[in-house]
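First the structure, in the form of structure tokens, and then the observations on it.
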Amino acid sequence: MKIAVIGGTGLIGSQVVKDLNAAGHEAVPHSQSTGVDVISGQGLDQAVAGADVVVNLTNSPTFDEASPAFFQTSMDNLLAAARKGGVGHFVILSIVGVDQVPELDYYRAKVLQENILAAGPIPYSIVRATQFMEFMDATMSWTAEGDTVRLPATPIQPIASKDVAAAVAEVAAGAPLNGIRNIAGPEIFNLDELGRITLSHKGDNRTVVTDPTAGMFAAVKGDVLTDRDAHLAPTRYTDWLS
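For what it's worth, UniProt numbering labels the leading residue of the sequence shown as 1, then goes sequentially.
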């Protein structure tokens, strides 16, 4: 199949392109660096022309109140181009539990993206993943001060980006789900515990202080960002750290 991967040069997109091509498909990466702009619409018609599948892995440049407008405009433009190009399957990547955290602007924006796709004219698949292992350093940096990192005890089920990419590629190459597939890492940790494991492994002597008000994940209630019934990926966090 010919598969247009929009956002195909990023962390997930580049691995999806590699996986699909290794499986014998013709996956083509598109991004701003290749002249495709999902907000202005520049290059979109050409990018999706003749594609059997579109995988949209573009992301809002901010995680604040501006993010809904990004997903509204980008999805409107992409769906219009895909419909014009006769695309038969449209895939996006979202977040496990995304509809359970309305306090976060970015999560509301991702729900909007899902809803636009589900209401659109093209058969679709939504892959919801748990939090990426690769984002742990950034998560700690938000609340780091001196020798202390403050983190809430929010339950997290971290997944390696390579496992996310493999799942997205598998779904893209299959029949449209017209629904959602949840994917997750094999283990559940409290976020503060995960911080301690990460710092210890890196030989970082900073101390993690459990603080239920610290950072973005403080807004999360309960274990909504985990899913024991999801398709479980193989990579364990300590193996990934190694």
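Built from N, CA and C at the ideal position, the CB exists for glycine as well.
Every value quoted in this text rests on a predicted model; they were computed, and no experiment measured them.
Inset, instruction - To the nearest angstrom, report how far apart V209 and L151 are at their CA atoms. - result: Roughly 6 angstroms between the two C-alpha positions.
Inset, instruction - Could you tell me the distance, in whole angstroms, from the CA atom of V171 to the CA atom of S125? - result: Each residue's Cα considered, the two are about 7 angstroms apart.
Legend entry - V91: CB within 8 angstroms of a non-hydrogen atom of the ligand NAD: By its list of ligands, the structure shown contains no ligand whatsoever, and the ligand NAD lies outside what it can speak to.
Inset, instruction - Please report how far the alpha carbon of P186 lies from the alpha carbon of T235, in whole angstroms. - result: Straight-line Cα distance between these residues: approximately 7 angstroms.
Legend entry - Spatial neighbours of G97 in its chain, beta-carbon cut-off 7 angstroms, leaving aside the 5 residues before and after: Around G97: V224 and L225.
Legend entry - Beta-carbon separation (whole angstroms), G13 vs L57, contact threshold 8 angstroms: Correct: roughly 4 angstroms between the Cβ atoms.
Inset, instruction - Could you pull the start and end residues of the alpha helix (DSSP H) that P68 belongs to? - result: For P68, the uninterrupted alpha helix (DSSP H) run begins and ends at S67 to K84, by DSSP.
Inset, instruction - Check whether the stretch 194-206 touches the stretch 161-177, counting contact only when three or more Cβ pairs, one atom from each stretch, lie closer than 8 angstroms. - result: Counting C-beta pairs with one atom in each stretch, the stretch 194-206 and the stretch 161-177 have fewer than three that are closer than 8 angstroms, which means they do not touch.
Inset, instruction - Please work out which residues of its chain come closer than 7 angstroms, Cβ to Cβ, to A49, disregarding the five sequence neighbours upstream and downstream, and give them in chain order. - result: Beyond the five residues adjoining it in sequence on each side, A49 comes within less than 7 angstroms, by CB distance, of G85 in the same chain, given in chain order.
Legend entry - For K2: DSSP bridge partner residues: According to the DSSP secondary-structure assignment, K2 is paired through a beta bridge with E26.
Inset, instruction - Inspect the beta-carbon positions of V55 and V16 and report whether they are closer than 9 angstroms. - result: Yes.
Inset, instruction - Note down, in chain order, each residue of its chain lying with its Cβ closer than 6 angstroms to the Cβ of P158, except the 5 sequence neighbours on either side. - result: Correct list, in chain order: Q131, M133, G185 and Y237.
Inset, instruction - Check whether the Cβ atoms of M75 and G120 sit closer than 9 angstroms, and answer yes or no. - result: Less than 9 angstroms divides the Cβ of M75 from the Cβ of G120.
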